Every structure is written in C-alpha cells, then in structure tokens.
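Residue numbers (my numbering): 20 to 177. Notes follow the structure.
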C-alpha cells in the first residue's frame with residue numbers, strides 16, 4: 020500500500036499549528052503577548068526590553084521551524100538502503116524501489132554525470148534520474164557499474 024501526500028504550504032502550516040499540543044500553543048501565545056506587553060509598556064527607549072523581546076520571538080521562530088522540520092521528517096515516507104536495488108547487466112540496468120521497478124537499457128541513456136553523492140542519468144525519452152551512490156552495496160558494484168557505462172555509452176562526465 021502506497022500513501023501519497025499532497026498539500027499546499029498553507030495547509031501544512033495550519034495543520035502543524037493545530038496539531039501542536041495546547042500547552043505549547045498556549046505558552047507561545049503567552050510569551051509573545053508578554054514580549055509585546057513589555058514593548059508597548061516601556062516603549063522604544065528601553066533597549067534591554069527590546070533585546071529580551073526580540074530574543075524571545077527569535078527563539079519561538081527557531082523552535083517552530085525545528086518542530087516543522089521534525090514533523091516533515093515524520094510525514095515523509097521512510098526508505099532505507101535495503102529498499103533500493105540496482106542490478107547491472109549486459110543489456111542495461113534495473114533499479115528497484117519498494118513500489119517501483121525501472122529498467123533502463125544502455126542504448127537508451129543519452130548522458131550521464133557523476134557527482135560526489137549522486138549519479139545523474141538522462142534517458143532518450145526525456146526521463147531524468149539520480150541514483151544515490153550509496154545504493155551500491157560495495158565499491159566493487161560501483162566499479163562494475165562504471166566499467167559497464169564506459170563500455171556501452173562512453174566515458175561519463177565528472
């Protein structure tokens with residue numbers, strides 16, 4: 020079973036706000052209103068109050084952003100190294116993901132670029148793909164892949 024999440028940024032932000040525990044929302048509102056009260060009460064003449072208020076607001080922003088990041092990590096599907104498989108053969112390569120299997124023949128690859136962490140492929144039908152180098156189980160697998168590329172489509176760009 021595959022789940023697809025489609026949402027806009029507005030839906031995400033409102034969902035994150037309403038899914039937070041009430042105590043967290045209450046504390047945030049209390050701290051922001053206290054900082055605003057200090058700002059209004061003492062005005063712009065008191066620099067120390069401004070510094071405290073801005074630091075409280077800044078801390079709240081960073082806390083909210085980090086909370087959003089953690090929730091996004093929880094929402095995104097979890098894939099591990101063992102979920103991906105790259106099979107290299109004489110006719111081409113087969114990339115197997117948990118819910119998808121892609122077969123690419125050597126003569127279908129128009130261009131290849133080797134990055135530090137990714138191998139970028141451009142196939143004749145306009146399909147672009149990036150394979151993480153870490154999907155290879157060993158250096159021997161990556162060496163075999165590079166030898167097959169050079170033999171079948173030429174030397175890749177570095």
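Ideal Cβ placement from N, Cα and C applies to all residues, glycine included. From a predicted model like this one, the values you see are computed outputs, not experimental measurements.
Query	Result
Bridge partners - residue 166, DSSP secondary structure assignment	DSSP lists no partner for residue 166.
Straight-line gap, residue 141 to residue 94 (C-alpha atoms, nearest Å)	30 Å
Proximity below 8 Å, CB of residue 108 to CB of residue 123	no
Separation of residue 119 from residue 163, as counted between CA atoms	23 Å
Nearest neighbour of residue 121, chosen from 83, 129, 147 and 130 [CA to CA]	147
Residue 143 - DSSP class collapsed to helix/strand/coil	coil
Nearest-angstrom Cα separation, counted from residue 170 out to residue 91	42 Å
Beta-carbon spacing of residue 131, residue 138 below 8 Å	yes
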